[in-house]
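Numbering (this note's numbering), first residue to last: 21 to 446.
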RNA sequence: GUGGCUAUAGCUCAGUAGGUUAGAGCACCAGAUUGUGGUUCUGGGUGUCGCGGGUUCGAAUCCCGCUAGCCACCCCA
């Protein structure tokens with residue numbers, strides 16, 4: 021009625037404040053560096069995509085059922101298609117679309133791509149889980165060789181280890197393909213059906229809807245049945261079994277450690293064969309997955325493009341930041357220009373410009389006392405301050421103070437940049 | 001989407017048998033130092049007690065609703 025609440029960020033959204041940004045960028049840049057060193061090329065794709073792009077690949081998963089941010093139609097009578105847009109929940113589908121639409125399928129294959137940016141899912145927020153979250157993606161499109169599965173794993177592992185993360189483990193599985201998975205799921209259902217009444221309610225529902233999920237249920241009462249359940253890796257068709265064996269042998273050859281887990285599955289339906297995930301022990305159970313990926317040979321066809329094999333990885337930047345050892349951000353050398361009395365704004369601004377030839381310069385135009393300005397400069401971690409009152413301004417000079425040593429001397433404006441640059445390099 | 005816990009200053013928190021001007025540490029601002037920081041000293045509370053309503057002479061405290069955060073699910077990065 022009277023006063024309204026101040027506006028806050030929407031639920032599940034958060035800001036990355038200046039203090040955090042350095043760490044954030046570091047994580048992102050480490051990904052780019054790892055990708056670049058393996059010859060991956062950067063690509064940017066839209067955050068908004070047609071809902072159909074997401075629905076075709078997502079199938080009947082929760083992500084599509086209830087977690088998609090659909091964009092409200094603009095109300096333009098001629099543009100009813102506007103009602104069919106959504107914020108992307110992941111990047112892979114968009115990258116594959118761009119691969120065809122941009123003619124990358126005409127280049128020599130495979131094409132190695134990397135991208136990163138915000139994704140959106142209408143989940144219940146929790147620590148390490150936001151409605152807008154950031155992913156780093158690797159995709160290798162256009163070649164079925166298991167060697168690319170191994171390479172993608174190697175690059176994503178390189179990303180995580182270059183950040184100095186400890187306690188990261190790789191989990192590996194194969195979930196077969198369109199040929200061997202359906203018969204396996206049939207077996208799995210047959211195994212579980214007689215046990216149905218002894219499963220917990222969610223699993224009773226899963227039995228027919230999504231039997232793979234029975235395998236990673238955490239409910240106590242469902243545990244006893246898992247051990248004897250048929251394992252997908254025992255029922256792979258010949259080509260899938262060979263591909264899986266090759267991935268493992270390549271990982272072994274590269275001395276990449278992993279744990280086989282027949283219960284590892286993926287949320288999105290287009291995955292085939294290799295699936296993998298990086299876990300971090302120190303993070304809570306709900307957000308211990310730092311990233312995951314796998315082969316998605318069925319995706320291109322699901323989008324209406326020619327059947328095209330591909331493999332990829334998506335890493336959660338938010339969670340990697342969370343898991344990263346906090347490093348003290350390195351403050352860049354700076355000079356603060358402090359006019360010691362009012363009326364020197366123009367001169368101070370000019371001194372700032374001269375300094376910027378060599379290092380970033382901040383000009384303090386505030387009216388507070390010089391000692392307050394010094395305090396502020398000191399707290400900001402400035403390397404130098406350039407103090408100037410009317411008499412110095414008249415001589416076109418400043419008192420340049422080295423904040424580390426406390427040494428101070430008068431320096432003419434036109435020598436400032438040189439003097440600071442000189443003592444930086446020494 | 002389901003269930004549970006929580007919400008007091010910028011941060012971490014104290015404050016309930018309901019009682020008058022709501023506190024601490026850190027942070028922040030100012031001064032000591034009318035031209036010199038990081039140490040020290042002095043001063044300053046910077047707050048619609050998450051929001052809305054109810055009970056009461058009186059609510060940060062009790063009740064209801066809402067919102068947000070956290071935790072466990074669902075699912076996933």
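All residues carry an ideal CB built from backbone N, CA and C; glycine is no exception.
Looking at the structure shown, is residue 365 part of a helix, part of a strand, or coil, going by DSSP? Residue numbering aside, residue 365 sits at position 345 when the first chain is read from its first letter. Residue state, collapsed to three classes: helix.
To the nearest angstrom, how far is it from the Cα of residue 217 to the Cα of residue 209? Numbered from its first residue, the first chain carries residue 217 at position 197. Numbered from its first residue, the first chain carries residue 209 at position 189. Looking at the two C-alpha atoms, the distance is approximately 13 Å.
Using C-beta distances below 6 Å, list every residue in its chain close to residue 35, excluding the 5 sequence neighbours before and after it, in chain order. To locate residue 35, count along the first chain from 1; it is residue 15. Cβ within range, chain order: n/a, list empty.
According to DSSP, residue 51 sits in a beta bridge with which residue or residues? Residue mapping note: residue 51 aligns to position 31 of the first chain, counting from 1. Note: residue 51 sits in no beta bridge, so no partner.
Quick one: using the 10 Å Cβ neighbour count with 16 as the cut-off for buried, is residue 226 buried or exposed? On the first chain, residue 226 is found 206 positions in, with the first residue counted as 1. Buried, since its Cβ has 16 or more Cβ neighbours within 10 Å.
Taking only the alpha-carbon atoms, compute the straight-line gap between residue 52 and residue 128 and give it to the nearest angstrom. Here residue 52 refers to the residue found at position 32 when the first chain is read from its first residue. Here residue 128 refers to the residue found at position 108 when the first chain is read from its first residue. Near 22 Å, if we compare the C-alpha coordinates of residue 128 and residue 52.
Could you tell me whether the Cβ atoms of residue 417 and residue 432 are closer together than 8 Å? Here residue 417 is taken as the residue at index 397 of the first chain, counted from 1. Here residue 432 is taken as the residue at index 412 of the first chain, counted from 1. It is a contact, given that the beta carbons lie within the stated cut-off.
Report all residues from its chain with a CB closer than 8 Å to the CB of residue 114; omit the five preceding and five following residues, and keep chain order. Residue mapping note: residue 114 aligns to position 94 of the first chain, counting from 1. For residue 114, where only same-chain residues beyond five positions count, the Cβ hits under 8 Å are 65, 66, 69, 73 and 108.
Outcome for residue 425 when other beta-carbon atoms lying within 10 angstroms are tallied against a minimum of 16: Locating residue 425 in the first chain gives position 405, counting from the first residue. Counting of Cβ neighbours within 10 angstroms places residue 425 among the exposed residues, the total staying below 16.
Please classify residue 30 as buried or exposed, where buried requires at least 16 neighbouring CB atoms within 10 angstroms. As a position in the first chain, residue 30 is number 10, starting the count at 1. Around the beta carbon of residue 30, a 10 Å sphere encloses fewer than 16 other beta carbons of the protein chains shown; the residue is thus reported as exposed.
Contacting residues, own chain, Cβ-Cβ under 8 Å from residue 363 (five flanking each side not counted): As a first step, residue 363 must be located in the first chain, where it is residue number 343. Cβ neighbours of residue 363 beyond the five flanking positions: 410.
Classify residue 393: buried if its beta carbon has 16 or more other beta carbons within 10 angstroms, exposed otherwise. Here residue 393 is taken as the residue at index 373 of the first chain, counted from 1. So residue 393 ends up on the buried side.
Hey, residue 57 and residue 185 are a contact pair by Cβ (cut 8 Å); roughly how many whole angstroms apart? Along the first chain, one-based indexing puts residue 57 at 37. Along the first chain, one-based indexing puts residue 185 at 165. About 18 Å separates the two Cβ atoms, so there is no contact after all.
Could you check the C-alpha separation between residue 419 and residue 366 for me, to the nearest Å? In the first chain, residue 419 corresponds to position 399, counting from 1. In the first chain, residue 366 corresponds to position 346, counting from 1. One C-alpha to the other measures close to 17 Å.
Reference residue 121; option with closest CA among 325, 268, 434 and 361: Within the first chain, residue 121 is the residue found at index 101, counting from 1. Residue 121 has its Cα closest to that of 325, out of 325, 268, 434 and 361.
If you scan the segment 93-159 from start to end, which runs of the alpha helix (DSSP H) of 4 or more residues do you find wholly inside it? 112-121
Compute the Euclidean distance between the alpha carbons of residue 299 and residue 222, then round it to the nearest angstrom. Taking the first residue of the first chain as 1, we reach residue 299 at position 279. Taking the first residue of the first chain as 1, we reach residue 222 at position 202. Roughly 25 Å between the two C-alpha positions.
Quick check on the DSSP output: what are the complete alpha helix (DSSP H) runs of length 4 or more inside the segment 256-318, in order along the chain? 258-273
Simplified DSSP state of residue 14, which is helix, strand or coil: Since the displayed the chain opens at 21 and closes at 446, residue 14 lies outside it and no answer follows.
With 16 as the cutoff for other CB atoms within 10 Å, does residue 405 come out buried or exposed? The count along the first chain starts at 1 and reaches residue 405 at position 385. Here residue 405 is buried, its C-beta having at least 16 other C-beta atoms within 10 Å.
State the CB to CB distance for the pair residue 197 and residue 293, rounded to an integer number of angstroms; the pair is presumed to be in contact (CB under 8 Å). Taking the first residue of the first chain as 1, we reach residue 197 at position 177. Taking the first residue of the first chain as 1, we reach residue 293 at position 273. Right, the Cβ-Cβ distance comes to about 6 Å (below 8 Å), so this counts as a contact.
Rounded C-alpha distance that separates residue 99 from residue 281: Residue mapping note: residue 99 aligns to position 79 of the first chain, counting from 1. Residue mapping note: residue 281 aligns to position 261 of the first chain, counting from 1. Low confidence applies here, because residue 99 scores a pLDDT of 49, under 50, leaving its location unreliable and the question unanswered by this model.
Decide yes or no for the touch test of the segment 37-46 against the segment 162-170: beta carbon pairs closer than 8 Å, at least 3 of them. no
Assigned exposure category for residue 155 - 16 Cβ within 10 Å defines buried: What you label residue 155 is simply residue 135 of the first chain in a count that begins at 1. Buried, because 16 or more other Cβ atoms sit within 10 Å of the Cβ of residue 155.
In or out: residue 384 buried (at least 16 other Cβ within 10 Å) or exposed? The residue given as residue 384 occupies position 364 in the first chain. Its Cβ being crowded by 16 or more others within 10 Å, residue 384 is buried.
Quick check: the segment 433-446 against the segment 371-386, are there 3 or more CB pairs under 8 Å? yes
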